[in-house]
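Residue numbers (our numbering), protein chains in the order written: chain A, 1 to 354; chain B, 1001 to 1534. Built from N, CA and C at the ideal position, the CB exists for glycine as well. None of the values given here were measured: they were computed from a predicted structure. Heads up, the thing below is written out as C-alpha cells.
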Amino acid sequence: MAIPAPEYERERPEPVLTHGVDPTQYRILLRDADADQFLDFLRRLIKGGRLNQFYPNPNGLDNLYRLMSPSGNLGIDPEIRINPRCGLPSEPDIGRVLADKEAAPRFLARNDTAEVNSRTDEASFKLHRRLQYLRDVHKSDLPKRIHHELKLRKIDLVTKTASFYSIFERYDPGEGVFTRYTITLQHQDSRWNKAQIEMQGDDLKATEAFRNVISRYHSDEAEFAFILLSEVPGIKVEEVVRGRVGPLWFKEADTMPDEVRQLLEQNPGNFILNFPLERVVINSSAKEDLQADPFSRLYRNTVEGDARQFALERAEKLGYRVFKERKFCVTKAIAQPFQQLLAERNARCIVYTI
Amino acid sequence: MASDPNIAIEAGDTLDNLVQQFSDQFAFLRELVQNSIDAGSGRVDIDFEYTPNKDNEKGVFVLHINDTGEGMTREVIDTKLTRLFSSSKEDDFTKIGKFGIGFVSIFALKPKAVFVDTGKDGEYWRIYFKEDRTFDRLVLPRPVEGTQIKWIKELTPKENENYREESRKTLKKWCKHAEAEVYVDGELINEQFDLPHKLAVNLEGQGTYISAAPSGSDRPFYGFYNRGLTLFEAEDVIIPGVSFKIRSRYLEHTLTRDNIIKDKNYDKAMALLKECVEKKLRPALFAAAQAHTDDETMGYLAFHVAKLPPELENQQIIPTLGPRKASIRELKAEVKRHKELLYEENTNAVVQRLVDDGRLVIRWNPEKDKGLGTLLDKLKGNAPMTRANEVYASPTLLTALPESQEKMIQAAMRILHRAGSPYRKVVAGNFNYPNSTVHDRLYLACDKPDEVIRFDKIAPKGIFERFFGWNKNTTVILNVADPLIEPHFRLKPEFRKEAPYLLASAIVSDDGIDEKTCTKLLEAYLQEEDEVGV
C-alpha cells in the first residue's frame, strides 16, 4: 500500500505589490537599499534564532543572504525576488549565489591575474567588482542545494553494527526553505541484508542505493521519513529530526495563519521568522506525542481514511513518539503581541527578539 | 514550580576527589562548554553578573552559561547528569565527553547554589544544586531552550574581578577554537583554527581536520583538539620542522585533562598528520621553492628532504647561477661527481664558463642565506662548499700585444726554460675581470689556457719546485697588468737589454726568490745573451 504524502492547505490571497512587479510567481521585487534592508533583517533574525545542529547551518545561510544582497554582491545584481509563500528570497536568487560558488574557482583562475587587476579602463572596473565578489563567494561557506553526510558514532565489531548519523540538508524548492534532517541509524551488516553503507577506514560512505533512499524519503515530515526509512532492509532508525528555517512572515507575504496576518497588518514593517522542529524517536520515556507547534499538525492527522489507519498502525508497530515544536525570532515591536497570540493558542514556544 | 526535593547526588566517597579532579578550579567552565557542544549547541553564552551588598562585604556573583543544545529530559537528568560514570557518550566518536564526571567539577569553587534549567520534548526542569551538593528537581512552568546554568557564589568586589578574569582566561585557553561560537560577556572569543602561516596547509577526513605549517623553531608549536576544544597545547618536536593543530574525533583527554590519551585512536590521528605533512605540506614547500626563491622556505625544506619521492627529488628548487634552478637529484649528482659543491653570490666570467662547462654553481650568500645554507648542509653530506672564484679563474688572453712586449716576454720565457722551467709556453693575460680573485697574481699555470682554470691545486710546495719542479701544466698566463710585471715594458732603452732577465726574475719572485733560483736565472740569462744576444 502506498503511503500518501501529507497535504497542505494553501491560501491564495490577492497579490500585494511593494516595490516592483515581477511577471513570474515572485511578485515581491526589492531593489538596492530595500533589498539590503530586507536581507539584513533576515540575517539578524536567523542569528537571533540561536540555531543548534538540528537546523540548517546558520553561518552558511548568513553568508548566502549577505552575498545575495546588492551591497554584498557590490551591486552586480541589485534585485531580489521574494517567494511570497514562504516570505524568503526566491529560488532563482538562491540559485544565482550557489551557481557563482560553483563557477568562482574557474572564473578566478582565468581572470584574477595581475594583468587584469592592473587594467584601468571603465569596462575592467566592472570586471574587478565581479572578481572581488567572487573572491568573497569562493571563501565563504554556503549551504548546498543538497548535501548528504554520514557521521560515524560507534562500531560494534561483535554484532557488526555501525551506529551513525545521516545528515541530509537540502533546499526545498516546494516550500522555499532550507531543511536539515538528522537521522540516527543503526546499520547491521549481514548476509541477508544488502549493504547500505560502506566502511572506508573509520569513515562511512553511503552506497548509491542508500543515497537514493535518503534523498527520496527526505522530502517531507520527519514522521513520514521515519516510516519510510524503517522499511529499508538492514537499517534501524532510532531518531529522525527535521529542522527548518522559515517561513518568514511579514505583512506583504502570502501564506500565514489569519491571526498572524492580522497582527502583522496592525504592525507593518515587522517580521516573524519560524524555526519549526520535528523529532521522531523510538525508546522515548514520553508517554505520548507532543504537539507544541501551534502552526502545524501531526502527520497522522493530515491524512485520512485507510492512509490514516496505516500511519497509526506503523506508529504503533515502530513504537515511536513524535515531538513537534517551533521557535521564533521576531522584531522587537511585535514580540509582546505575538507572545500573547501564542498564549491564546496555549502554545509554549521560545520567542527570541531582535 | 512543582518540587521533587532532597535527592542527594549519587556519588559515594569518590565525589570529593572528582570535584577537585582538575588542577585549574575554573576548568569546570570547559566541561560545561564541552557538554553544550555535545548537546549540539551552535552557540554558548557565558555572562557574569554581580550585585554588591551594602550591608555585607560580599555581594552575589552569578555566572550564566546558556546553550541552545538539545536539552535534557527528566530521564537524562536522573540517569546521566546526576550520576557519576554514567555517560551515554562513551565510545561515541561524535562526542567529546566520555567519562560522565565532568559536570561535578562545578562544585570545585564551592558555589552557594547552582541552577540548571533545561528541557526537551515538552518537559522543562530546574535542578537546584545546594551548597552540600544535594539537589532538588523542579518542574518549570515556562519552556527553556537548551540548558541554562546559573552558578552562584558570594564574593567581594575584588574576588568578583578575579573570578571574571580567571573565567575569561580559562575559556580562552580551552575554547578558543570550539565548534560552537562562545561568547563571554557578549564578546565572541573564537579564533581561526588554521595556523597563520602563508605556507600552512590543511587536511580533512575521517572526522579529523589538520592545519600544518612549516616552522624554523627547534621547538615548534602543536595543539590537539576535539571538536575545537583544546585538549593539549605545547611546544616541542613531534615532527621536526612542523607546527600543527589537529582537531579529531580520535583524540581524547586523559581523566585528569592534563594530556591526551595515546592509544590506537591517537595513532590513527598521528597517521593522518603524517599524511598531511608528506602529501600536502612537503609538496607545498617544494612548489613554493620552485616558484620563488625565498630563504625562509629553503630553511623549512631542510626538514623535509629525507626519503623524497622522485617527483619531488626532480623538482627544480635550488637557486643556481645557471639558466634554471637545480633539482635535489642534480645537486646530489654534482656532489657525487666533483666531491664538492660550488657557490657564488653573482655570476661573472668564471661562473659563466663553469656553467657553460656543465658545472652546477649554487646562487648563495653564506652571510645572508642561512636557510639555504641549512638545506645545502643536509644535501651535500661531507663534501665541502667551495666559492667558485676562490678556486677558479678565467683571465682574458691578450693576443695583440705590441711586438716589443711580445719579444720581451718570449725572451724571459727562454731564460726560464734555460733555468729549468717545464713550461713550454707563456701567454699574456688580463686578470682584472669582474669579481676576480686572481687580479694580484703574477701568473697562472695551466694546461689549457682558453678554459676556466682551477688554481688551488698546485701540487708542489717548495719555492723552486713550484716553478722549476715537476708540473703537468704546460702554459703560463702572465698577468701583464700586474705592478710587478707592467713596468718592465716601460724600461728606458738603456736598460732594455736586461729587461727579459728582470722580467723572468719578477715572475719567479711571486713564489719567493732564493739563492738557488737566483743563480739559475742569472746563468740562464748569461747563456741566452751569449747565444741569442738578447
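- Secondary structure note for H138(A): its alpha helix (DSSP H) is the uninterrupted segment E122 to K139.
- In this structure the segment 1276 to 1293 of chain B does not touch the segment 1254 to 1266 of chain B; the number of beta carbon pairs closer than 8 Å is below three.
- In the three-state DSSP reduction, C1518(B) falls in the helix class (H, G or I).
- The beta carbons of W1151(B) and L1229(B) sit about 19 Å from each other, so the pair does not count as a contact at 8 Å.
- Assignment of S230(A) by DSSP, reduced to helix, strand and coil, places it in the coil class.
- Counting only Cβ-Cβ distances below 9 Å, T1386(B) has no contacts in chain A at all, with the closest Cβ about 39 Å away.
- Here the alpha carbon of L51(A) sits roughly 31 Å from the alpha carbon of N1265(B).
- Interface with chain A (7 Å Cβ-Cβ cutoff): D1078(B) is excluded.
- Counting the other CB atoms within 10 Å of its CB gives H1338(B) a total below 16, which places it among the exposed residues.
- Interface residue (Cβ-Cβ distance to chain B less than 7 Å): S285(A) is classified as such.
- Taken atom to atom, the span from the alpha-carbon of D306(A) to that of A222(A) is near 20 Å.
- Between Q1192(B) and G1299(B), the alpha-carbon positions lie close to 26 Å from each other.
- When the beta-carbon positions are compared, G246(A) and Y55(A) stay at least 7 Å from each other.
- In the DSSP assignment, S90(A) forms no beta bridge with any residue.
- Interface annotation for the segment 1106 to 1129 of chain B against chain A: K1120, D1121, G1122, E1123 and Y1124, criterion Cβ-Cβ distance under 9 Å.
- Using a Cβ distance threshold of 7 Å, L1360(B) and E1334(B) count as a contacting pair.
- In the DSSP assignment, G1371(B) falls outside any beta strand (DSSP E) and lies within the alpha helix (DSSP H) extending over K1370 to K1380.
- Contact between T1297(B) and A1289(B) holds, since their C-beta atoms are separated by about 5 Å, short of 8 Å.
- The alpha-carbon separation between K1378(B) and G1241(B) amounts to approximately 14 Å.
- In this model, G1223(B) and R1168(B) are separated by some 20 Å (Cα to Cα).
- Shown here for F107(A): same chain residues with a beta carbon closer than 7 Å to its own, the five before and five after excluded, namely L134 in chain order.
- With respect to chain B, the C-beta atom of L185(A) has no partner C-beta closer than 7 Å.
- Scanning the segment 46 to 125 of chain A from its first residue to its last, the whole alpha helix (DSSP H) runs of 4-plus residues come out as 58 to 68, 91 to 111 and 114 to 118.
- Per DSSP, D1038(B) is one residue of the alpha helix (DSSP H) stretching across F1028 to D1038.
- For the pair Q1315(B) and V1237(B), the Cα-to-Cα distance works out to about 27 Å.
- Per DSSP, V1182(B) is one residue of the beta strand (DSSP E) stretching across E1181 to V1184.
- Taken through DSSP and simplified to helix, strand or coil, R348(A) comes out as coil.
- Across the structure, G1059(B) and I1106(B) are spaced so that their CA atoms are roughly 20 Å apart.
- For N267(A), the closest alpha carbon among the candidates G95(A), D77(A), F210(A) and V330(A) is that of V330(A).
- At a Cβ-Cβ threshold of 7 Å, F1244(B) and A1212(B) count as neighbours.
- Of all alpha-carbon atoms in F210(A), A335(A) and R31(A), the one lying nearest the alpha-carbon of E231(A) is that of F210(A).
- DSSP places M256(A) in the coil class of the three-state scheme, outside both helix and strand.
- Near chain B, meaning a CB-to-CB distance below 7 Å, the residues of the segment 30 to 60 of chain A are R50, L51, N52, Q53, F54 and P58.
- The Cβ neighbour count for P1309(B), taken over all protein chains shown within 10 Å, is under 16; the residue is labelled exposed.
- When C-beta atoms of the segment 1035 to 1044 of chain B are compared with those of the segment 1129 to 1137 of chain B, fewer than three pairs fall below 8 Å, so the two segments do not count as touching.
- Chain-order list of chain B residues neighbouring F323(A): D1121 and G1122, by C-beta distance under 7 Å.
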